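Engineer: Residue numbers for the first sequence follow our numbering, beginning at 88 and rising by one.
I have a structure I would like to understand better, so I am pasting it below and will then ask my questions one at a time.
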Amino acid sequence: MGVNLADLVEREAIDLSQLRGKPVAIDALNILYQFLAIIRQRDGELLKDTQGRVTSHLSGLFYRSINLLEEGVKPVYVFDGKPPSLKHETLAKRRDVKREARREWQAAVEEGRTEDIKKFAQQTSKLTDEMLSDARVVLDSMGIPYVQAPSEGEAQAAYLARKKDAYAAASQDYDSLLFGAPRLVRNLTLTGKRKLPGKDVYVTITTEQVILDAVLQCLSLTREQLVEVALLIGTDYNPGITGIGPKTALRIVKEGKFSEYGLDELKELFLSPDVTDDYEIRFGTPSPEHISEILCEEHDFSETRVESAVERLVKATETTIKQTSLDAFF
DNA sequence: CCATATAA
DNA sequence: TTATATGGG
């Protein structure tokens with residue numbers, strides 16, 4: 088999932104208040120997959136409505152968005168379009184992994200291995216078109232804008248950040264940096280405690296940011312060279328060169344020997360990705376009626392829970408709009 | 001993940 | 001008030 092630049096980039100813990108009043112371009116697929124992986128019951132099953140339709144992603148999207156707005160953060164979701172054809176091999180591999188995970192999950196449930204149940208269930212997540220369109224309807228009802236990317240969502244989110252239509256791109260993956268996002272925000276969430284897969288150990292998860300210029304300066308690389316390093320290690324478009332890790336990749340690129348590896352054409356996918364200017368970011372007024380319609384009537388959410396959440400949403404929207412117009416005024 | 005109830 | 005448990009759809 089995405090390029091692994093974790094060993095190379097320096098991250099800085101930030102407080103959510105540093106994002107107050109600022110639009111943040113959130114990679115929608117990335118966050119929805121996270122919700123599907125995490126929002127599950129004890130047997131690893133997803134939350135579903137009475138008709139058996141998955142709702143975990145909607146729960147996550149709804150409550151997370153409200154929490155962000157309450158913090159003054161303005162989420163702008165970016166949805167993927169058609170994946171570049173060069174990604175087909177990667178996507179096929181992911182399907183295989185998921186098929187295997189479903190088998191392992193079933194076996195773990197039958198044998199009652201609790202840790203494995205969770206582990207394998209998380210790997211089976213699949214986002215359908217219906218789940219994505221439900222997510223869009225929820226956002227519409229909340230008055231939260233989203234952008235349709237022609238191709239990769241990460242690329243479009245990075246483009247928004249480059250154009251300063253967004254203050255940052257938010258994702259767990261580092262690809263936005265390769266696509267040129269000047270600022271990447273990871274772990275854009277409130278709750279700070281998460282359980283480690285291994286044992287009953289809890290780690291504190293903090294929101295962090297990665298500044299592209301700082302990364303490049305620290306490594307003494309250009310963005311193009313950072314892309315070269317990533318391609319040698321492996322990205323969503325290529326498996327990487329066997330036996331080459333971050334350290335060796337850095338050396339190769341700095342010695343100017345990248346072109347010996349036949350990956351030159353792939354660079355363009357990151358340096359000139361398919362993005363569009365055809366979008367409008369406008370925050371609207373939430374519609375309690377539409378929210379109740381899609382969440383409660385259509386998908387069996389609890390009315391009392393949704394009502395109190397909507398109350399928070401309306402209040403947060405009012406103050407955030409006020410804050411923004413004030414910012415624009417001064 | 002998040003909200004809510006309950007314990008401490 | 002804060003920490004932990006559990007159900008959510």
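In this text, a Cβ means the ideal position worked out from N, Cα and C, and glycines have one as well.
None of the values given here were measured: they were computed from a predicted structure.
Quick one: any contact between the segment 147-154 and the segment 305-323, if contact means 3 or more CB pairs under 8 Å?
Structural biologist: Result no; under three Cβ-Cβ pairs closer than 8 Å.
Engineer: To which residues of the same chain is D167 closer than 7 Å at the C-beta, ignoring the five residues directly before and after it?
Structural biologist: In the first sequence, counting from the first residue as 1, residue 167 sits at position 80. Excluding residues within five positions, the ones whose Cβ falls inside 7 Å are L116, A236, E239 and G240.
Engineer: On a Cα-Cα basis, can you pick out the residue from V234, A188 and R182 that is closest to D114?
Structural biologist: If you number the first sequence from 1, residue 114 lands on position 27. Taking only the C-alpha atoms, the option nearest D114 is V234.
Engineer: How about L123 and H144: do their beta carbons lie closer than 8 Å?
Structural biologist: Position 36 of the first sequence, counted from the first residue, corresponds to residue 123. Position 57 of the first sequence, counted from the first residue, corresponds to residue 144. Result yes, Cβ atoms of L123 and H144 sit closer than 8 Å.
Engineer: Using CA coordinates, which residue listed in Y246, V160, D364 and F370 is at the minimum distance from L265?
Structural biologist: If you number the first sequence from 1, residue 265 lands on position 178. Of the candidates Y246, V160, D364 and F370, the one whose C-alpha sits nearest the C-alpha of L265 is Y246.
Engineer: Expressed to the nearest angstrom, what Euclidean distance is found between the alpha-carbon atoms of C383 and S228?
Structural biologist: Within the first sequence, numbered from 1, the residue matching residue 383 stands at position 296. Within the first sequence, numbered from 1, the residue matching residue 228 stands at position 141. So the alpha carbons of these two residues sit roughly 13 Å apart.
Engineer: Would you say H377 and D136 are within 8 Å of each other, going by their C-beta atoms?
Structural biologist: Here residue 377 refers to the residue found at position 290 when the first sequence is read from its first residue. Here residue 136 refers to the residue found at position 49 when the first sequence is read from its first residue. No, they are not a contact pair.
Engineer: Could you compute how far the alpha carbon of T322 sits from the alpha carbon of V96?
Structural biologist: The sequence position of residue 322 within the first sequence is 235, counting from 1. The sequence position of residue 96 within the first sequence is 9, counting from 1. Spanning the two alpha carbons is a distance of roughly 16 Å.
Engineer: Quick check on D78: buried or exposed, where buried means 16 or more other Cβ atoms within 10 Å of its Cβ?
Structural biologist: Given that the chain is displayed from residue 88 to residue 417, the structure contains no residue 78 and the question cannot be resolved.
Engineer: How many Å lie between Y220 and E405 at the Cα?
Structural biologist: For the purposes of this step, residue 220 is taken as residue 133 along the first sequence, with counting starting at 1. For the purposes of this step, residue 405 is taken as residue 318 along the first sequence, with counting starting at 1. It is worth fixing the name first, because residue 220 is Ser in this sequence and not Tyr. The straight-line gap from Cα to Cα measures roughly 27 Å.
Engineer: What span of residues does the beta strand (DSSP E) with Q121 cover, start to end?
Structural biologist: For this step, residue 121 is matched to residue 34 along the first sequence. Unbroken run through Q121 is the alpha helix (DSSP H), A115 to I125; no beta strand (DSSP E).
Engineer: V160 and K206 look like a contact to me (Cβ under 8 Å); what is the Cβ gap, rounded to whole Å?
Structural biologist: The residue you call residue 160 lines up with position 73 of the first sequence. The residue you call residue 206 lines up with position 119 of the first sequence. Their Cβ separation, rounded to whole angstroms, is 31 Å, which puts V160 and K206 out of contact at 8 Å.
Engineer: Ends of the beta strand (DSSP E) at F166?
Structural biologist: Translated into the one-based positions of the first sequence, residue 166 becomes position 79. Taken as a continuous stretch (DSSP letters only), the beta strand (DSSP E) holding F166 covers K161 to F166.
Engineer: How far does the beta strand (DSSP E) with A255 in it reach, from first residue to last?
Structural biologist: Start at 1 with the first residue of the first sequence, and residue 255 comes out as number 168. Element bounds for A255: A255 to A257.
Engineer: Going along the chain, which residues of its own chain have a beta-carbon closer than 7 Å to the beta-carbon of D94, five neighbours each way excluded?
Structural biologist: By 1-based counting over the first sequence, the position of residue 94 is 7. The answer, listed in chain order, is P333.
Engineer: Is it right to say G230 is buried, meaning 16 or more other beta carbons lie within 10 angstroms of its own, or is it exposed?
Structural biologist: Taking the first sequence and counting its residues from 1, one reaches residue 230 at position 143. Looking at its Cβ environment, which holds 16 or more other Cβ atoms inside 10 Å, G230 is buried.
Engineer: Classify A268 as helix, strand or coil using the three-state DSSP reduction.
Structural biologist: The sequence position of residue 268 within the first sequence is 181, counting from 1. Residue state, collapsed to three classes: coil.
Engineer: Tell me which residue opens and which closes the beta strand (DSSP E) that V234 is part of.
Structural biologist: The count along the first sequence starts at 1 and reaches residue 234 at position 147. Element bounds for V234: Y233 to Q235.
Engineer: Please check the pair V340 and V362, which I expect to be a contact at CB under 8 Å, by giving their CB distance rounded to whole angstroms.
Structural biologist: In the first sequence, counting from the first residue as 1, residue 340 sits at position 253. In the first sequence, counting from the first residue as 1, residue 362 sits at position 275. Not confirmed; about 25 Å, so no contact.
Engineer: CB-CB under 6 Å to P375, same chain, minus the five flanking residues each way: which ones, in chain order?
Structural biologist: Taking the first residue of the first sequence as 1, we reach residue 375 at position 288. Excluding residues within five positions, the ones whose Cβ falls inside 6 Å are V397.
Engineer: So who's on the other strand from A242, going by DSSP bridges?
Structural biologist: The sequence position of residue 242 within the first sequence is 155, counting from 1. For A242, which the question treats as bridged, DSSP gives no partner whatsoever.
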